[in-house]
Structures are given as structure tokens and as C-alpha cells.
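Notes follow the structure.
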Amino acid sequence: MPQITELANLQLAFWKAQKGKSKSQAVYTYRTDLHKNLLRLQTQIIENKLDIGHYTYFKIYDPKERQICASPFREQVLQHALMNICHPYFERVHIFDSYASRRGKGTYAAVERAKRFTKQYPFFLKLDVRKFFDSIHHPTLKSQLLRLFKETSLLQIFHQIIDTYSTVDKKEEGRGVPIGNLSSQYFANHYLTGLDHFIKEDLQAKAYVRYMDDLVIWHHDKHWLKEVRNGIKGFVEDSLKMTLKPALLNYSIYGLPFLGYQIFPDLVRLTRRSKIRYIRKMGKVDEMYHSGIWDERTCQRHLLPLIAFTLHAQTAGLRQMVNAQ
47 MPQITELANL
57 QLAFWKAQKG
67 KSKSQAVYTY
77 RTDLHKNLLR
87 LQTQIIENKL
97 DIGHYTYFKI
107 YDPKERQICA
117 SPFREQVLQH
127 ALMNICHPYF
137 ERVHIFDSYA
147 SRRGKGTYAA
157 VERAKRFTKQ
167 YPFFLKLDVR
177 KFFDSIHHPT
187 LKSQLLRLFK
197 ETSLLQIFHQ
207 IIDTYSTVDK
217 KEEGRGVPIG
227 NLSSQYFANH
237 YLTGLDHFIK
247 EDLQAKAYVR
257 YMDDLVIWHH
267 DKHWLKEVRN
277 GIKGFVEDSL
287 KMTLKPALLN
297 YSIYGLPFLG
307 YQIFPDLVRL
317 TRRSKIRYIR
327 KMGKVDEMYH
337 SGIWDERTCQ
347 RHLLPLIAFT
357 LHAQTAGLRQ
367 MVNAQ
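Heads up, the sequence shown is in this note's numbering, so the first residue is 47 and it goes up one at a time.
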């Protein structure tokens, strides 16, 4: 807690929170009286008098409908301040092949690892959790954090953040973390670390990759994968209080759908949904540029991640087709 409340850490948190948002009114207002705002946050953390959970809700449809919870900027600064210091403690319990929300990992590293295993093994088992973010069980998450952190004041802040949100369905009260919070990325990713260790250490899976709640295991024996599926199902239901979607067990030569790609032993393609998304987003950039709404720099900021995504698959023909339109 003393490290979290250091003014230098709060200044770093502000810098991280405002990245990509420097022109917003909320950032401008906070920055205008930055020192005073940081001192106020420092006092609120020390005295445990935080006023949090004032989310703005909106929906996105990319690629499927999701409810996003946007925190006020001051809460974003708080969450960066917490995770600047707590990051190493979350990091040290992860296995090597967990790729979401971690420095030096990410989507493309997960895809590269999946390519290697798909080439190496004839069968794969793909699993994911039903309504993952909305089904995270608050008491289980709090119990996990208690094993990771010992400072009561820090745990109280984490619990307060967790308690600011629950799924709308009253039958599911006491579940869920809001998509959009920095803390939610850490909490959600940490929630499945016990499952990672169970798969690697108890089930002895040698070829395994997880990106958030997308899990893939490869093996030479499909019957072994069927047994593993039952073990994972039991762990998820009993220890995590969640349910899995129907599993996909298939030959690697038929292609593994993973993170927007279709991964085969000798090539990688975009899934049909990813192709449609790429064409639609490229069309939007073109439209915004020619209408004068976006300048070249703004267009570049939207184009670069789109193109980078396609470069990890065999998409030369697709890019030529879109560019020719």
C-alpha cells in the first residue's frame, strides 16, 4: 500500500490512464489540477474512502454483443495505480502459456504457439467458458485474491471494486466483473490460473495454450483428450462455479478456430467472421477519410492494427481485393 500511494506511482498511473485519450474533456479537466487531484486520490486510498463504481454503460457488436462499462477517468487512474504495483504478484502465478493481458504475450504470441502445436499434434481440444466475465463468482474470486495478497487495506479496495458490479439477472447476483475495467482484465485472467495449473500439473498436458477463457489442448490421442475434457469440466464446475460451452474435439488438419484465425498444420487463414470484420472496418476508415471526419493520422491509427492482424495469416489476396475497391 505505501508503494501504491507514492506520488510518483500516482503520476505514472495518470500518464498510463490518459494514453490515447489526451484530447478528452475528462482528461483535460483532471490534468488542469493534476497535483491536487492526485493528492486527493492518495488520501482516499490511505483512508479507504473511495467513491467508485460510477460506470457508463454502452454496447458494442464486434464481433458479438458485449456490454462495456466505462469508468470515470479518476477511477481509471486508481486502477492503474493499483496494478502498477500489484502486476508482479499476479504475474508470478501464471504459467508460461497464458497469453492474455500480460506483457510480452498477447494475441499474436498465442497464435504462434498454437501454430507450433497444431503442426506437432494430430488432435486438438478447444474449450471456453459460457458467459465468462459475467459468470465470475465473487466469493471464489475474493478467496483467490486472499491467497495472493495479505494486506487487509488492499483487499478491501479489491473487494469494493468487485462489489461495484454484478450481472443483471438476480439469480446470478454476486457474479461478474465489468468488461472495460483494467482490474477486470487482471481478475478474469487470474481467475483461471488455478485451472491452468490443474491442466499442466495434474492432467499432465504438455501442449496447452490459454488466452483469457479460450483454452486449447493438443495431443496424439483423442481418447486422452476426451478424458481430459471430463476432468476440466469437473474442475470448472466444482472449483470455479462456472460452466463450459460444448467442447470442440477435432483433427488438426481440419483447422483450429482460435482468436479470429483458422490454424492448420501448414497455414493460417482468417475465419469467415474475421474477413467480414476486416472488410467492414477498412470500408469505415475509407468512408471517414473521404468525408473529412478523420485526418490521415487518425486513419493510420485505425489501419495499422487491422493490417497487423491480417499479416499473421495468408491474406495477400484479401488485402489486394479490399485495396482495389
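For glycine and all other residues, C-beta sits at the position ideal for the given N, C-alpha and C. It should be emphasised that the depicted structure is a prediction, and the values quoted were computed from it without experimental measurement.
Can you tell which of the options has its C-alpha closest to the C-alpha of residue i?
i	options	result
Ser181	Ile98, Leu238, Leu128	Leu238
Ile245	Val314, His140, Tyr324	His140
Leu191	Ser229, Phe169, Tyr145	Ser229
Met47	Tyr307, Leu96, Ile131, Asn296	Ile131
Ser70	Phe119, Leu350, Phe104, Tyr300	Phe119
Tyr232	Arg138, Thr289, Val314, Lys105	Arg138
Lys252	Phe170, Leu313, Leu294	Phe170
Lys272	Val314, Asp284, Tyr257, Asn296	Asn296
Val314	Lys62, Arg77, Ser298, Lys327	Ser298
Arg323	Arg77, Tyr107, His81, Glu93	Tyr107
Leu80	Leu53, Gly66, Asn94	Leu53
Tyr101	Thr361, Val223, Gly240	Val223
Arg193	Gly240, Thr356, Glu111, Asp284	Gly240
Leu96	Gln202, Arg149, Trp61	Gln202
Taking its Cβ as the centre, do 16 or more other Cβ atoms sit within 10 Å of residue i, making it buried, or is it exposed?
i	result
Ala354	exposed
Asp143	buried
Asp242	buried
Gln49	exposed
Asn276	exposed
Thr198	exposed
Phe104	exposed
Glu121	buried
Asp259	buried
Thr361	buried
Gln64	buried
Tyr76	buried
If I measure Cβ to Cβ from residue i and keep anything under 7 angstroms in the same chain, skipping five residues before and after, which residues do I get?
i	result
Tyr154	His358
Asn227	Cys115, Ser117, Gln125
Lys287	His183, Thr186
Thr317	Pro303, Gly306, Tyr307, Gln308
Lys279	Leu290
Leu249	Val274, Gly277
Lys188	His205, Ile208
Residues in its own chain within less than 8 angstroms of residue i by CB, not counting five upstream and five downstream?
i	result
Gly220	His183, His184, Pro185, Ser212
Lys321	Leu364
Leu56	Leu84, Leu87, Gln88, Val123, Ala127
Tyr145	Lys151, Gly152, Thr153, Ala155, Ala156, Arg159, Val255, Arg256, Tyr257
Tell me, to the nearest whole angstrom, how far the beta carbon of residue i is from that of residue j; I am working on the premise that it is less than 8 angstroms.
i	j	result
Leu302	Ala160	7 angstroms
Phe304	Val157	7 angstroms
Ile91	Thr210	Not a contact, Cβ separation roughly 16 angstroms.
Pro292	Thr164	Going by Cβ atoms, the distance from Pro292 to Thr164 rounds to 21 angstroms, so no, they are not a contact pair.
Val368	Ile325	6 angstroms
His269	Tyr167	14 angstroms between Cβ atoms; not a contact.
Tyr135	Phe204	So it is not a contact: roughly 12 angstroms between Cβ atoms.
Gln113	Ile225	7 angstroms
Leu352	Met328	6 angstroms
Ser337	Asn235	Actually they do not touch by this definition, with Cβ atoms about 39 angstroms apart.
Leu294	Lys172	4 angstroms
Between which residues of its own chain and residue i is the CB-CB distance below 6 angstroms, once the five residues before and five after are set aside?
i	result
Ser68	none
Tyr335	Cys345
Ile207	Ser229
Asp267	none
So with Cβ pairs under 7 angstroms, would you call residue i a contact of chain B?
i	result
Trp270	Protein chains in the displayed structure number just one, and chain B is not present.
Uninterrupted alpha helix (DSSP H) stretches inside the region 109-172 (no shorter than 4 residues): 119-137, 153-166
Length-filtered (3 minimum) beta strand (DSSP E) runs lying within the region 205-282: 253-257, 260-265
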